[in-house]
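Asks:
There are 2 protein chains.
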Amino acid sequence: MKEFELIKHFFSEQVIKRKDVVLGIGDDCAIVSPAERQNIAITTDTLVAGVHFPHETSARAIGHKSIAVNLSDLAAMGAEPSWISLAITMPEVDLKWIEDFCLGVFELCEYYNVQLIGGDTTQGPLSITVTAQGLVPINKHLTRSGAKAGDWIYVTGEVGDAALALKHILHEVNVAPEYRESVQNSLDFPTPRILAGQALRGYASAAIDLSDGIISDLGHLCSASKVGANIVLDHLPISKALQATVGMEKAFEMALTGGDDYELLFTVSEDNKVGIETALANSSNAITCIGQINRSEKITTTLNRKAVAIKTKSFEHFSSTKE
Amino acid sequence: MKEFELIKHFFSEQVIKRKDVVLGIGDDCAIVSPAERQNIAITTDTLVAGVHFPHETSARAIGHKSIAVNLSDLAAMGAEPSWISLAITMPEVDLKWIEDFCLGVFELCEYYNVQLIGGDTTQGPLSITVTAQGLVPINKHLTRSGAKAGDWIYVTGEVGDAALALKHILHEVNVAPEYRESVQNSLDFPTPRILAGQALRGYASAAIDLSDGIISDLGHLCSASKVGANIVLDHLPISKALQATVGMEKAFEMALTGGDDYELLFTVSEDNKVGIETALANSSNAITCIGQINRSEKITTTLNRKAVAIKTKSFEHFSSTKE
Chain A
1 MKEFELIKHF
11 FSEQVIKRKD
21 VVLGIGDDCA
31 IVSPAERQNI
41 AITTDTLVAG
51 VHFPHETSAR
61 AIGHKSIAVN
71 LSDLAAMGAE
81 PSWISLAITM
91 PEVDLKWIED
101 FCLGVFELCE
111 YYNVQLIGGD
121 TTQGPLSITV
131 TAQGLVPINK
141 HLTRSGAKAG
151 DWIYVTGEVG
161 DAALALKHIL
171 HEVNVAPEYR
181 ESVQNSLDFP
191 TPRILAGQAL
201 RGYASAAIDL
211 SDGIISDLGH
221 LCSASKVGAN
231 IVLDHLPISK
241 ALQATVGMEK
251 AFEMALTGGD
261 DYELLFTVSE
271 DNKVGIETAL
281 ANSSNAITCI
291 GQINRSEKIT
301 TTLNRKAVAI
311 KTKSFEHFSS
321 TKE
Chain B
1 MKEFELIKHF
11 FSEQVIKRKD
21 VVLGIGDDCA
31 IVSPAERQNI
41 AITTDTLVAG
51 VHFPHETSAR
61 AIGHKSIAVN
71 LSDLAAMGAE
81 PSWISLAITM
91 PEVDLKWIED
101 FCLGVFELCE
111 YYNVQLIGGD
121 TTQGPLSITV
131 TAQGLVPINK
141 HLTRSGAKAG
151 DWIYVTGEVG
161 DAALALKHIL
171 HEVNVAPEYR
181 ESVQNSLDFP
191 TPRILAGQAL
201 RGYASAAIDL
211 SDGIISDLGH
221 LCSASKVGAN
231 IVLDHLPISK
241 ALQATVGMEK
251 AFEMALTGGD
261 DYELLFTVSE
271 DNKVGIETAL
281 ANSSNAITCI
291 GQINRSEKIT
301 TTLNRKAVAI
311 KTKSFEHFSS
321 TKE
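If you read the sequences in order, they're chains A and B. Under the working numbering, think of the first position of the first sequence as 1, with each following residue one higher. Under the working numbering, think of the first position of the second sequence as 1, with each following residue one higher.
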């Protein structure tokens, strides 16, 4: 099958048609017409088989995840997702695989009203690069750099389950059957916290999405904001599955250093603490206060109000173990 | 070296700072602020080592080409390039290679006032995916679909030299020493026809960039416009190098079916023929009228006013020969 037919057949079949897309897939470029008084947030992420997901991951999960990780970056800026470009490199044209991959891509795009506007299909080892764009009112985007000493640190959802799923796949732990599906879904089908991100506009002083683990990503936020932080381990939102499988001490470590959570981590001033909790109380996104920003320029942890040491090695693509 | 340091060190060192970039590299997303009354053209292309460029291609040429092929798509829409996202997958961190690659990327970006606003660095077999964006006044973009019977077909520059360079590398032909540098540059350092593309706005009825060869790309244009075309072989702009190396007959074939030219092919109505030739006379982009659109819905060729058959197999990624 020729490249052009391939693209035409599978990627042009999306249901959603946004009014701000003047020209979609099929020409040299797409043309979009952004609304006035909106800036555009742009992010690009590549997923490589065997590095960012296990080789045995289902095509649908790969499709979902390649979109979700990019939407998660938009969420961290408080943006509303709008347009996606998708470049896929695959070893061979496997029609069933592509169909399942597109299912994962399109069900997420449709849910968030995001239109696929273009892309490229090439032959080579499996990898997917997505560029996602979103709209955010002028001067209302969130950044990593606004956290101040005294601000409270929050995360959405629960942390560590994606890392647990990976350990289960690698036979390093054995997740009990009753937890397996939800744990596996945390890794394969992460939910980008789009609505939470938009709700944070006007409240959060800084935000980042958790792709590489709390220690690493909070580290980026602290570095950009020139502050430090203390994390209260007792408050970490850890699932029953994680605690039951590895015990509390290991659960803390995995919650802090495990990658792939795609929850939002954000900071809120004392004055906005009630506001943010109220704003998010009616949404489906639970949030948990896990610590506080300080002037130390380092990250510390406490348990039962006592300082404890933690293993701080987080996920890094170039230092991670790969086959 | 950690991924984050890698990105920070090499990709944040660009000189250019566009006023419409609110937030560049370093956060979860970039934020841009498009001018009013402008639409945005968006394109994505992936280059895979061994498929889109020979493995022995210099890092600087790969950097140049990965940007140039995307800017060429913007040119074909009549857009003015603005922002680039670059995702690179590489087998290992080779600092000299990255430095040379960035040189190729940045010298082209600086020339066209394009700012690198983000990207991703991952480990795997070498490939580069670029998403390029550009601005085009509302309702002024060019498309593939506006050609009408009777319109004249033009190309910018010369065609076939990039295919010649590839054949020389593969030892299928031997380009004479006096031509080698210019022929090799056609393949490694294509010039996106940005100014020509913008000059076409208001004149051209349809446009496309030549990435896969005239037959293939004119075929896409005709298909989108629901028309046919005749190409006058006598008029094809063929370099002395190509003619001298392979002879006239083979030169026609390579000009028609060779990929990687990145010239613009466009159509102009009889009424706009003088206008476009005047508009482009003062630019450095030579243009040549190579044929005419008709109602046949197929592509034919003539030589000395007589119909001739041509080999029409063009470059297709999934059917090309690769190691």
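Glycine included, each C-beta is placed from N, C-alpha and C at the ideal position. These figures come from a predicted structure and were not determined experimentally.
Can you give the beta carbon distance from residue 44 (chain A) to residue 85 (chain B), rounded, assuming they're within the 8 Å contact cut?
Replies: About 4 Å separates the two Cβ atoms, so the contact holds.
Asks: Helix, strand or coil: which one does DSSP assign to residue 29 (chain A)?
Replies: Note: residue 29 (chain A) maps to coil in three-state DSSP.
Asks: Using a Cβ-Cβ distance cut-off of 8 Å, determine whether residue 32 (chain B) contacts chain A.
Replies: Taking Cβ atoms only, chain A reaches closer than 8 Å to residue 32 (chain B), which makes this a yes.
Asks: Closest to residue 74 (chain B) by C-alpha separation, out of B:264, B:247, B:297, would be which residue?
Replies: Minimum Cα distance to residue 74 (chain B) is reached at B:264.
Asks: Rounded to the nearest angstrom, how far is the Cβ of residue 236 (chain A) from that of residue 310 (chain A), given a contact under 8 Å?
Replies: Not really, about 11 Å apart at Cβ, beyond 8 Å.
Asks: Excluding the 5 residues preceding and the 5 following residue 10 (chain B) in the sequence, name in chain order all residues of the same chain whose CB lies nearer than 8 Å to its CB.
Replies: Hits under 8 Å: 98, 99, 102.
Asks: Hey, is residue 235 (chain B)'s beta-carbon within less than 8 Å of any beta-carbon in chain A?
Replies: Answer no: the Cβ-Cβ gap between residue 235 (chain B) and chain A never drops below 8 Å.
Asks: To be precise: take each residue of the stretch 245–266 of chain B, compare its Cβ to all Cβ atoms of chain A, and keep it if any distance is under 9 Å. Which residues remain?
Replies: Hits within the stretch: zero.
Asks: What are the boundary residues of the alpha helix (DSSP H) that includes residue 188 (chain B)?
Replies: Unbroken alpha helix (DSSP H) run through residue 188 (chain B): 177–188.
Asks: Measure from the alpha carbon of residue 324 (chain B) to the alpha carbon of each residue in B:161, B:252, B:30, then state which is nearest.
Replies: What the structure shows of chain B is the stretch from 1 to 323, and residue 324 (chain B) is not part of that stretch, so it cannot be assessed.
Asks: Contact criterion: CB-CB distance below 8 Å. Does residue 278 (chain B) meet it with respect to chain A?
Replies: Chain A contact via Cβ: absent.
Asks: What three-state label does DSSP hand residue 75 (chain B) in the structure shown?
Replies: In this structure, residue 75 (chain B) counts as helix in the three-state DSSP scheme.
Asks: Could you check if residue 14 (chain A) is buried or exposed, using at least 16 other CB atoms within 10 Å of its CB as the buried criterion?
Replies: When all chains shown are included, residue 14 (chain A) counts as buried.
Asks: Would you identify the three-state DSSP class for residue 18 (chain A), choosing helix, strand or coil?
Replies: Three-state DSSP puts residue 18 (chain A) in coil, outside helix and strand.
Asks: Mind pulling the chain B residues with CB within less than 8 Å of residue 195 (chain A)?
Replies: Residues of chain B passing the Cβ test: none, with the nearest at roughly 16 Å.
Asks: Among all the DSSP beta bridges, which residues are the ones paired with residue 268 (chain B)?
Replies: DSSP lists B:152, B:204 as partners of residue 268 (chain B).
Asks: Between which two residues does the alpha helix (DSSP H) carrying residue 216 (chain B) extend?
Replies: Unbroken alpha helix (DSSP H) run through residue 216 (chain B): 214–225.
Asks: Quick one: does residue 113 (chain B) have its CB under 8 Å from some CB of chain A?
Replies: No, residue 113 (chain B) does not count as interfacial toward chain A.
Asks: Looking at the C-beta of residue 89 (chain A), does it have a partner C-beta in chain B at a distance below 8 Å?
Replies: Closer than 8 Å to some Cβ of chain B, the Cβ of residue 89 (chain A) qualifies, so yes.
Asks: In whole angstroms, what is the alpha-carbon distance linking residue 22 (chain A) and residue 35 (chain A)?
Replies: Looking at the two C-alpha atoms, the distance is approximately 12 Å.
Asks: Taking DSSP as the reference, what is the three-state secondary structure of residue 66 (chain A)?
Replies: Note: residue 66 (chain A) maps to helix in three-state DSSP.
Asks: Decide yes or no for the touch test of the stretch 167–186 of chain A against the stretch 132–149 of chain A: beta carbon pairs closer than 8 Å, at least 3 of them.
Replies: No contact exists between the stretch 167–186 of chain A and the stretch 132–149 of chain A.
Asks: What did DSSP end up calling residue 306 (chain A) once you bin it into helix, strand or coil?
Replies: Reduced to three states, the DSSP call for residue 306 (chain A) is strand.
Asks: Which residues, taken in chain order from the stretch 218–229 of chain B, show a beta carbon closer than 8 Å to some beta carbon of chain A?
Replies: So the close ones are 220, 224.
Asks: Say whether the stretch 192–209 of chain A touches the stretch 57–73 of chain A, bearing in mind that this needs 3 or more beta-carbon pairs closer than 8 Å, one atom from each stretch.
Replies: Touching, yes.
Asks: Is residue 243 (chain B) close to chain A, meaning its C-beta is less than 8 Å from at least one C-beta of that chain?
Replies: Closer than 8 Å: no.
Asks: Closest to residue 242 (chain A) by C-alpha separation, out of A:268, A:184, A:280, would be which residue?
Replies: Considering only alpha carbons, the answer is A:184.
Asks: By Cβ distance below 8 Å, which residues in the same chain neighbour residue 29 (chain A) in space, the five residues on each side in sequence not counted?
Replies: The residues are 23, 118.
Asks: Does the count of Cβ pairs from the stretch 151–161 of chain B and the stretch 281–294 of chain B closer than 8 Å reach three?
Replies: Touching, yes, given that three or more Cβ pairs across the two stretches are closer than 8 Å.
Asks: Would residue 82 (chain A) pass as a contact of residue 37 (chain A) if the rule is Cβ separation under 8 Å?
Replies: Not a contact, by the Cβ cut-off of 8 Å.
Asks: Against residue 83 (chain B), what residues of chain A qualify as contacts under a CB-to-CB distance less than 8 Å, listed in chain order?
Replies: Residues of chain A passing the Cβ test: 42.
Asks: With a threshold of 8 Å between beta carbons, is residue 143 (chain B) in contact with chain A?
Replies: For residue 143 (chain B), the answer is yes, since a Cβ of chain A falls inside 8 Å of its Cβ.
Asks: CB residue 105 (chain B) to CB residue 63 (chain B), shorter than 8 Å?
Replies: Closer than 8 Å, so yes.
Asks: Under 8 Å, Cβ to Cβ, is there at least one residue of chain B near residue 153 (chain A)?
Replies: False, the Cβ-Cβ gap to chain B never drops below 8 Å.
Asks: With a Cβ-Cβ cutoff of 8 Å, do residue 204 (chain B) and residue 299 (chain B) count as a contact?
Replies: No, the Cβ-Cβ distance between residue 204 (chain B) and residue 299 (chain B) is not below 8 Å.
Asks: Could you compute how far the alpha carbon of residue 127 (chain A) sits from the alpha carbon of residue 53 (chain B)?
Replies: Distance between the alpha carbons of residue 127 (chain A) and residue 53 (chain B) is about 18 Å.
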